[in-house]
Structures are given as structure tokens and as C-alpha cells.
Amino acid sequence: MQKQLIECVPNISEGRDLDKIHTIANCVETVEGVKLLDVDPGAATNRTVITFVGEPEQVIQAAFILIKKASELIDMSKHSGEHPRFGATDVCPLVPISGITLEETAKYAHKLGKRVGEELDIPVYLYENAAQEEKRVNLANCRAGEYEGLPKKLLDPNWKPDFGPAEFNNKVATTGATAISARDFLVAYNVNLNTTSTRRANAIAFDIREAGRVKREGNPITGKKVLDNNGEPVRIPGKLKAVKGIGWFIEEYGIAQISYNLTNISITSMHEAFDETDKAAQERGLRVTGSELIGLIPLKAMLDAGDYFLKKQERSLGVSEAEKIKIAVKSLGLDDLKPFNPNEKIIEYVLRDKGVKQLIDLTLTDFADETAGESMAPGGGSISAYVGTLGVSLGTMVANLSAHKPGWDDRWEEFSVWAEKGQAYKNKLLALVDEDTNAFNKIIEGFRMPKSTDQEKKARAEAIESATIYATEVPLLVMETACDSMEVMMAMAKGGLQNSLSDAGVGTLCARTAVYGAYFNVRINAKDIKNRETAKKLLNKAKSIFDKTLTNENEMIALIDEKI
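For what it's worth, our numbering labels the leading residue of the sequence shown as 6, then goes sequentially.
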């Protein structure tokens, strides 16, 4: 069963005192199984966004400890900053990451809120998907009046906290209130402008954000508000859905920014918000100079941004992941104000287990040394997968060169498709480099199992059989992937850059070697499978792939002999 993981992104009302910030942030890792991912302080906003992840019970325990520590170290009666706020821990959203629904996450938000209210005596408002009434879904409603408005708000029966005291006592005067929620992944994203005018920045924010601006009679700024039948202001919607935004001036950078919350990046992406802001800015005589990502972002959002800008440049999308991220960073100006480190800002990269040793992370020299060493792994299966990786990488290179060839601008999309296919084959084969070694290790683990009793002997035999079948299936998958990848080299030999015909040929020969080598591994492992019917099926499939590969190889050689 997939492990349940949720992310917690508390925003604390302290962005200047680094000792306090790190004391508060670091306390979350006192809970076993919780990993602190990011701490992003802002001096002008006097606010820090903290991000951590783990299983639900551990995360809400860590969140409780953080809220408690923040209430002890932050005095809201002395706080000031550009960002709207009403508490020491201003907001504490829980975000489902894997194995858990938003509805299930909301139950944990309720559990956390109840404990904070009852044990810490902090007023708690539940918002977004944790809200218990419609008017509290929107955080802006819950936080209206901010800290300064709390004395009056807490006395209003309509705004009685969901948990905790409904009075502005001496303790609440220092802690303020806390808003707790369950929500989808939200991207906090600021766009930089070449102006110091908050008013101009707000005007652009109103152009873009979903809520837009209030409709007025006559003068659009000073005119009388237009009201609907219920006496509520009529609004002119902005350009983009699932976007909240305000303009502000950032003293530490000396510029105005538009601060966005992208509440659903599948509806409005970061790059769409950037481009539409740039257009609106130019219409108002301003220019976007870059942008700033607060907290973390999913890898897919960065890759989508890279693809978006590559398409605008009419360049191949079949480049590496690292290249797409570089294009996204430079196109969005994410390094405009400070360096942007993908390993610290992309959630999947932060979550990678850096303690796990992978063959594909070694240098070429170290990989060769590891292979040449005294251990039996990596062996022929891993090497076959890597040779296949090199082969399709050559085919992908030809596709990318062809997409970029002067005079072939009308064909860039055609070659981009082939390059993307090549990247997919390359990534699959790279994963199989380590998986083949892992499969071999599973057999070794099976042989090391105890065999003192009949039950232990049976369990050991079953584990060895299962591991042996898997160790046969992995090189079979190497064969299949390497054989299929030859389509990229063949297409490039026929219609790609002819100066690179030899590269397509070498790529094909590498793929052929990968299939041949993996075939040896299938055969040698299959002979130890006890279930001979299963072994026969695997061997028959392997022979079919092998024969197809030889046909592809002969076709490529004939084509090269004809053209060279």
C-alpha cells in the first residue's frame, strides 16, 4: 500500500530574526519521520514560509510543536510587515502529497486545530477545504481586519473561532490567531516590476487575479462602487482563474512586486501567470524584470514552463530535464533577485534520498571502476542497459541537431517529437541500469534467508524463485526498450541531418549490443527458474525481440552503405 504523505506549509510572522526563525523551523525535525524541506524568510514582509513533509500523524504533531514554539517566541503586539497577518503562526495549511485525499487531509486539519485551540489557547479558524461554513472557505475573510481587528472580531458571534478562546485576552494579544486548512498544492509566486509604485503593481494584480477589481461608476478608481441586488460590490473579473494577487513594495529589493497565490497550477500555471503579467505590465508602460518563487514547486511545473518557452522559441522539447529547468529559470527570471537552486526549490529533488547510492550518479571513471571491481554487480545486465542508453542518446542528439538546423525551421516540431521519444527511452534505460543490479541483489538476499525449518525452507525457495523470475524480466525489459528505441535512430538516418548519419548508425549498433547482452542475461537467469512454463514464455518473448533487433540492424547497415 502506498505510504500516506502530506506537506505542511506554516507561515510564521517573523522574517528578520534568523535565530528565532531557525529555532521555530528546526523543531519540526524533533518528530521522527518528518523532513524539513524549506525555510524561506522575507524581511520586508516580516514573514517566513516553512515547508515540511511526512506521514499525517507525525506532520500534525510537528505542526503543533511549531505553532507552540512560534507562540512563545513571536509577540504579535510588536509585529509589522507588508503581508496580511493576524497570528504568530499566521496560516498552517496541510497539503496531500501521495496516498491520501484532500477530504482525509481535512480531517487532520480539524484534529490539529482542535488541539491548538484547546491546549495552546490560540483562536483557530478553519479555512479552504477544512472550513465548516461557506464564508470561512476564503482565507481573506477569516483574516479580514488582520491582527489589529482581532479584539472586535473575536467578540462577534458570526466570527467565533472554530476552536480556542473567543476573547482578546493577554495571551491572545501576543499569539494572535491561527488559520488552519487543507488545500491543494499552492504556489506562492512573486513577479518583479521595474517600478517602485505599489499602486501600479496593484493595478496589474487586479488585471490578472480571478477576483479582478470592484466595478465603479464613472472614474474606474475613484468612482462610486456599483452594487448588486444584495448590496454587494459588483466585480470585474481578472484574466486568470485560480489566482489571487496583490501588489506591494519590497524594501530589501527596492522594487514593487505582484504577489500571487496560484491555487491550482493545473488551471493557471506559473508561466501563464508570468506571461499575462508581462503583457499587462507593458500595456501600463511597465516591464517585468523577473520573478521569485516562495517555498517549493513540483518538478512538473518547472518542466511545463521549460516546454512552454522552448515552444515559443520553436526549439526541440526533447532536451534533458536539467536543460528544461535552466530554460524555465532564465525565461521566468527566477534568479533575478537571488540565486535559484533547483535542488532546494523543486520538491521531488528535495525529497530524494541522498543516502541511496545509484550507479547512474557515478562518473564514467567511477562506473568503470565499480564494474571492474571484485563484486559481481554491476554486471552484464546493467552494462547492456547503459550501452542502450548511450545508443538512444545519440539518436536523440541527431533529432535535436536536426530541429535546430538552419533552413529546417518548418520541421522543428517533427524532430522535437522524435527527440522527446528518445528522451523517454533514455530515461527508461537509465532506470534499468540500477534495476538490473537491484534484481541480482534480490537473488542474493533470497539465498541468505534462514533454512532451519521446513517453513523457512519453503519461504526461502519462494523468495529465490520470485527473485529469479524478476531478474529475468528486467533484462527482458532492457531488450524490449533498446529494440524499440531503434526507431529513433532509423527515423534520423532516413530524414534527419545527414552529416550525423554515422551517429545514428552507432546508436543503432549500441542498441543492438544492449539487446544482445540483455538476451544473454535472460537466458542465463531463465535456466534457474523452477516453473519451466514461465521460463519458456520469457525465453520465447526474448527470442522474438532478438530476431526483430537483427532485422533492424541489417536495415540500418544497408541504409548507411547506400548513403555513404
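Positions of the beta carbon are idealized from the N, C-alpha and C atoms, including for glycine.
Compute the beta-carbon to beta-carbon distance between residue i and residue j, rounded to the nearest angstrom, for a pair I have assumed lies under 8 Å.
{"i": "residue 12", "j": "residue 102", "result": "5 Å"}
{"i": "residue 429", "j": "residue 420", "result": "With 8 Å as the limit, residue 429 and residue 420 do not qualify as a contact, their Cβ atoms being about 15 Å apart."}
{"i": "residue 402", "j": "residue 494", "result": "Incorrect: roughly 10 Å between the Cβ atoms, too far for contact."}
{"i": "residue 140", "j": "residue 146", "result": "6 Å"}
{"i": "residue 48", "j": "residue 257", "result": "5 Å"}
{"i": "residue 220", "j": "residue 192", "result": "Between residue 192 and residue 220 the Cβ distance is about 29 Å, and since that is not below 8 Å, they are no contact."}
{"i": "residue 214", "j": "residue 249", "result": "6 Å"}
Are residue i and residue j touching if we call contact CB-CB under 7 Å?
{"i": "residue 118", "j": "residue 107", "result": "no"}
{"i": "residue 127", "j": "residue 180", "result": "yes"}
{"i": "residue 352", "j": "residue 438", "result": "no"}
{"i": "residue 491", "j": "residue 557", "result": "yes"}
{"i": "residue 535", "j": "residue 470", "result": "yes"}
{"i": "residue 531", "j": "residue 477", "result": "yes"}
{"i": "residue 252", "j": "residue 210", "result": "yes"}
{"i": "residue 483", "j": "residue 444", "result": "no"}
{"i": "residue 69", "j": "residue 182", "result": "no"}
{"i": "residue 158", "j": "residue 150", "result": "yes"}
{"i": "residue 350", "j": "residue 298", "result": "yes"}
{"i": "residue 18", "j": "residue 105", "result": "no"}
{"i": "residue 205", "j": "residue 241", "result": "no"}
{"i": "residue 526", "j": "residue 386", "result": "yes"}
{"i": "residue 200", "j": "residue 291", "result": "yes"}
DSSP has residue i in a bridge; who is on the other side?
{"i": "residue 195", "result": "264, 297"}
{"i": "residue 187", "result": "99, 133"}
{"i": "residue 43", "result": "56"}
{"i": "residue 248", "result": "267"}
{"i": "residue 13", "result": "57, 99"}
{"i": "residue 92", "result": "181"}
{"i": "residue 351", "result": "302"}
{"i": "residue 232", "result": "238"}
{"i": "residue 255", "result": "260"}
{"i": "residue 219", "result": "240"}
{"i": "residue 345", "result": "In the DSSP output, where bridge partners are listed per residue, residue 345 has none listed."}
Among the options, which residue has its Cα nearest to the Cα of residue i?
{"i": "residue 36", "options": "57, 26, 411, 22", "result": "57"}
{"i": "residue 212", "options": "404, 370, 246", "result": "246"}
{"i": "residue 333", "options": "322, 311, 34, 348", "result": "311"}
{"i": "residue 178", "options": "26, 77, 215, 412", "result": "77"}
{"i": "residue 547", "options": "480, 500, 518", "result": "480"}
{"i": "residue 413", "options": "503, 59, 63", "result": "503"}
{"i": "residue 489", "options": "513, 474, 498, 505", "result": "513"}
{"i": "residue 5", "options": "432, 84, 55", "result": "Residue 5 is absent from the model: the chain starts at 6 and stops at 569."}
{"i": "residue 416", "options": "288, 316, 339", "result": "316"}
{"i": "residue 20", "options": "94, 69, 10, 42", "result": "94"}
{"i": "residue 319", "options": "397, 338, 367, 418", "result": "418"}
{"i": "residue 348", "options": "528, 43, 452, 8", "result": "43"}
{"i": "residue 453", "options": "472, 440, 442, 293", "result": "472"}
{"i": "residue 259", "options": "121, 342, 272, 75", "result": "342"}
{"i": "residue 285", "options": "208, 517, 148, 84", "result": "208"}
{"i": "residue 552", "options": "458, 517, 538", "result": "517"}
{"i": "residue 8", "options": "41, 18, 59, 540", "result": "59"}
{"i": "residue 515", "options": "155, 391, 506", "result": "391"}
Mind checking residue i: buried by the 16 CB within 10 Å criterion, or exposed?
{"i": "residue 61", "result": "buried"}
{"i": "residue 223", "result": "exposed"}
{"i": "residue 233", "result": "exposed"}
{"i": "residue 460", "result": "exposed"}
{"i": "residue 163", "result": "exposed"}
{"i": "residue 87", "result": "buried"}
{"i": "residue 27", "result": "exposed"}
{"i": "residue 381", "result": "exposed"}
{"i": "residue 2", "result": "There is simply no residue 2 to check, as the chain begins at 6 and stops at 569 in what is shown."}
{"i": "residue 129", "result": "buried"}
{"i": "residue 554", "result": "buried"}
{"i": "residue 426", "result": "buried"}
{"i": "residue 519", "result": "buried"}
{"i": "residue 377", "result": "exposed"}
{"i": "residue 542", "result": "exposed"}
{"i": "residue 236", "result": "exposed"}
{"i": "residue 282", "result": "buried"}
Any chance the CB of residue i is under 6 Å from a heavy atom of the ligand GTP?
{"i": "residue 164", "result": "The ligand GTP is absent from the structure shown, which contains no ligands of any kind."}
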